[in-house]
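*Asks:* Residue numbers (the UniProt record's numbering): 1 to 276.
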Amino acid sequence: MITLFKLMSLSPLWLLHAKGWVLGWLAFVFSGVYRRRFINHARLAGLSMSSWLAAVGESGKLVMELPRLWLGRPVPVFWDGAEHVEVALAQGRGIVFLTPHLGCFEITAQAYAQRYGVTGKPMTVLFRPPRQSWLRTVVEASRQRPGLLTAPTTLSGVKQMIKALKHGESVGLLPDQVPPQGLGVMAPFFGQEAYTMTLSVRLVQQTGASVLLAWGERLSWGRGFCVHVQALKDELPAPLPEAVSAINRAMESLVMQCPQQYLWGYARYKQPRASL
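What follows is the structure, given as structure tokens:
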């Protein structure tokens, strides 16, 4: 499998995306569970079919582009809102980047590391190793790059992220990812209660870090990606449940900017797994 990944990493991005589009539709057609979850989640957001249909193929592109991003040559990356990053870095309070399952969330950390991390302000991201040993080797190798650090999904990893923020560095989180039991609270997400992580809020409250919203738009015809960065409109409220709900609303606003690239098939409303 590693050999296959290396061969795929040599392919042009447009070809991987074309194959991924087919893969996305095959999964949608032949998996009833996935298809129903995909459609139900899109409907919760109030979307018509014309608004979410393209996301079927985009979900497959997400999978097929990974070998190139992990093992291949760098891909073209454009920025929209880089000034928000520069202002936040100049303040020296650290940055918590919040990225939903929108577009290519792998590219946001890589793009930051390449542009800002190598100059002395690295980004630390949470990393839970895959269960498959061969995939674990590939992913771990891909995350070992200049300006990009990883933290385990344990208490020591959280301490590592707090330390990074206090040093004026950045951390990256996917706040719409379902955390283990005991590490989240129920909060509305597109009108339905979803178990939502509290880590992002706790990091901000304990360190006074800035909060930026970011996502990587997948450009058509394999032209690369555009990293969009926005500032959080309002400061997070002090009570934890209200702050978590505010982050969910911020993620909703990002998703609705480009629902065609959201991972609607992700099991957002599943029951959390037991803590390790």
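Glycine included, every Cβ here is placed at the ideal spot set by N, Cα and C. From a predicted model like this one, the values you see are computed outputs, not experimental measurements.
What's the gap between the Cα of P146 and the Cα of A274?
*Replies:* 34 Å
*Asks:* Please report the distance separating the alpha-carbon of L71 from that of P239.
*Replies:* 43 Å
*Asks:* If you draw a straight line from the C-alpha of I162 to the C-alpha of S210, how long is it?
*Replies:* 13 Å
*Asks:* Going by C-alpha to C-alpha distance, which of V125, F78 and K6 sits closest to V227?
*Replies:* Measuring from the Cα of V227, the nearest candidate turns out to be F78.
*Asks:* Give me the Cα-Cα distance between Y266 and M1, rounded to the nearest whole angstrom.
*Replies:* About 24 Å.
*Asks:* Mapping the DSSP letters down to three states, classify F190 as helix, strand or coil.
*Replies:* coil
*Asks:* For the candidate residues R143, L47, L4 and N248, whose alpha-carbon lies nearest to that of E106?
*Replies:* R143
*Asks:* Starting from T150 and walking both ways along the beta strand (DSSP E), at which residues does that stretch end?
*Replies:* L148 to P152
*Asks:* Note the first and the last residue of the continuous beta strand (DSSP E) segment covering H228.
*Replies:* Looking at the DSSP string, the run of the beta strand (DSSP E) that includes H228 is F225 to A231.
*Asks:* Closest by CA to residue 325, which one among Y262, E193, V125 and V96?
*Replies:* Any property of residue 325 remains undetermined from this structure, which presents the chain solely from 1 to 276.
*Asks:* Exposed or buried, which one is W264 when buried takes at least 16 other CB atoms within 10 Å?
*Replies:* buried
*Asks:* Which of the three DSSP states, helix, strand or coil, is assigned to M197?
*Replies:* strand
*Asks:* If we ignore side chains and look at the alpha-carbon of each, how far apart do V158 and L174 end up?
*Replies:* 14 Å
*Asks:* Quick check: T207 and G94, are their CB atoms within less than 7 Å of each other?
*Replies:* yes
*Asks:* Is Y262 helix, strand or coil when you go by DSSP?
*Replies:* strand
*Asks:* Compute the Euclidean distance between the alpha carbons of P180 and Y34, then round it to the nearest angstrom.
*Replies:* 22 Å
*Asks:* Closer than 6 Å by C-beta to A214: which residues in its own chain qualify, once you throw out the five before and the five after it? Chain order, please.
*Replies:* The residues are F97, T99, T108 and V229.
*Asks:* Spatial neighbours of F28 within its chain, please: C-beta separation below 6 Å, excluding the five flanking residues on both sides.
*Replies:* R35 and V56
*Asks:* In three-state DSSP terms, what is S170?
*Replies:* strand
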